Amino acid sequence: MKLLKKKFRQIKKFPTWIFFFPASLLKIMKFCMRTEIKDPCGYVNPDKPLVSVTWHNRLLFFPAMCPALSRKHTLAVVSPSRDGQYVTDLISYFGLKSLRGSSSKRAAPVLRETIKAINNGFNVSFTPDGPRGPKYKMSKGPIILASVTGSKLVPISINASSYWEIKSWDNFQIPKPWAKLTLVLGEGMEIPPDLDDEGIEKCREAAEKALMEITIDKNA
Numbered sequence: 004m005k006l007l008k009k010k011f012r013q014i015k016k017f018p019t020w021i022f023f024f025p026a027s028l029l030k031i032m033k034f035c036m037r038t039e040i041k042d043p044c045g046y047v048n049p050d051k052p053l054v055s056v057t058w059h060n061r062l063l064f065f066p067a068m069c070p071a072l073s074r075k076h077t078l079a080v081v082s083p084s085r086d087g088q089y090v091t092d093l094i095s096y097f098g099l100k101s102l103r104g105s106s107s108k109r110a111a112p113v114l115r116e117t118i119k120a121i122n123n124g125f126n127v128s129f130t131p132d133g134p135r136g137p138k139y140k141m142s143k144g145p146i147i148l149a150s151v152t153g154s155k156l157v158p159i160s161i162n163a164s165s166y167w168e169i170k171s172w173d174n175f176q177i178p179k180p181w182a183k184l185t186l187v188l189g190e191g192m193e194i195p196p197d198l199d200d201e202g203i204e205k206c207r208e209a210a211e212k213a214l215m216e217i218t219i220d221k222n223a
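If you use my numbering, the sequence shown corresponds to residues 4 to 223, in order.
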């Protein structure tokens with residue numbers, strides 16, 4: 004078993020076509036669940052590009068729950084790790100574009116590319132506690148991008164009424180069949196320009212709090 008696990012971890016990329024099957028399964032599972040979108044501020048299809056943040060443990064149904072039009076105009080920042088490659092290949096079947104990088108790896112190139120994406124009319128989506136955590140601890144990358152571009156920062160959560168948890172650093176959630184899935188878009192935050200380190204930290208803490216306010220865990 005250990006040998007098989009080691010060989011599996013050495014595979015950095017599977018053929019992209021393999022991800023057609025899990026993508027199709029997610030789409031089928033969605034139709035077996037009750038779904039709801041709560042978007043009081045109208046951010047699903049915004050007039051201007053947004054910077055959004057969603058916790059890592061809620062990624063499984065993120066592409067399936069986002070409306071098709073939103074997916075076509077969204078760029079997801081995905082970890083450059085092996086697991087990030089799996090995510091990139093999976094979300095490609097939902098029409099989501101991706102950019103490989105994080106706040107610790109390729110931070111400067113990622114900032115340049117995301118600024119370019121915003122200027123070209125794309126929303127930019129982050130998992131601000133990925134790829135290694137700590138769980139529910141937001142990084143400063145989304146804050147910096149929103150500050151530089153003048154885009155609103157919008158917290159987004161996907162809450163499941165019933166789910167399994169994987170024993171991982173983020174307690175990754177897998178919604179159970181027939182569960183209710185709710186996509187919640189919180190109120191957008193205006194991030195001031197030309198922030199110093201103290202200002203970035205204050206905004207980071209405020210954004211983290213805003214995202215936690217719409218995050219519902221069954222064991223909380």
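Just so it is clear, CB atoms sit at the ideal spot from N, CA and C, and this is done for glycine as well.
Values in this document were obtained by computation on a predicted structure and should not be read as measured data.
Item	Value
Tell me whether the region 142-159 and the region 172-192 touch, counting them as touching only if at least three CB pairs, one residue from each stretch, are closer than 8 Å.	yes
Considering only their Cβ atoms, is the gap separating LEU72 from SER101 smaller than 9 Å?	no
Just curious, the alpha helix (DSSP H) that ALA111 is in, first and last residue?	110-122
In three-state terms, what does DSSP make of VAL90?	helix
Find out if the Cβ-Cβ distance for the pair TRP58, TYR166 is shorter than 9 Å.	no
If you draw a straight line from the alpha carbon of ASN122 to that of LEU53, how long is it in whole angstroms?	11 Å
In three-state DSSP terms, what is LEU7?	With a pLDDT of 49 at LEU7, under the threshold of 50, the modelled position of this residue cannot be trusted; read the value that follows with caution. Note: LEU7 maps to helix in three-state DSSP.
Pick from VAL47, GLY87 and LYS51: whose alpha carbon is nearest that of LEU63?	GLY87
With distance defined between alpha-carbon atoms, name the residue in ILE94, CYS206 and MET192 nearest to CYS44.	MET192
What's the gap between the Cα of GLU116 and the Cα of ASP92?	19 Å
Quick check on GLY144: buried or exposed, where buried means 16 or more other Cβ atoms within 10 Å of its Cβ?	buried
Quick check on the DSSP output: what are the complete alpha helix (DSSP H) runs of length 4 or more inside the region 13-83, in order along the chain?	23-34, 65-68 and 71-75
By the three-class DSSP mapping on this structure, what secondary structure does SER160 have?	strand
Does DSSP classify LYS195 as helix, strand or coil?	Correcting the residue identity first, residue 195 is Pro in this sequence and not Lys. Here PRO195 sits in coil by DSSP.
If you count every other CB in all the chains shown that lies within 10 Å of the CB of ALA210, and 16 or more means buried, which is it?	buried
If we count the other Cβ atoms within 10 Å of its Cβ and call it buried at 16 or more, is THR19 buried or exposed?	exposed
Suppose contacts are defined by Cβ-Cβ distances below 9 Å. Is ALA26 in contact with PHE97 by that definition?	yes
Quick one: Cα of VAL151 to Cα of ILE118, how far?	8 Å
In angstroms, rounded to a whole number, what distance separates the CA positions of GLU201 and GLU168?	35 Å
Expressed to the nearest angstrom, what Euclidean distance is found between the alpha-carbon atoms of VAL90 and PRO196?	32 Å
Tell me whether SER55 is buried or exposed, calling it buried when 16 or more other Cβ atoms sit within 10 Å of its Cβ.	buried
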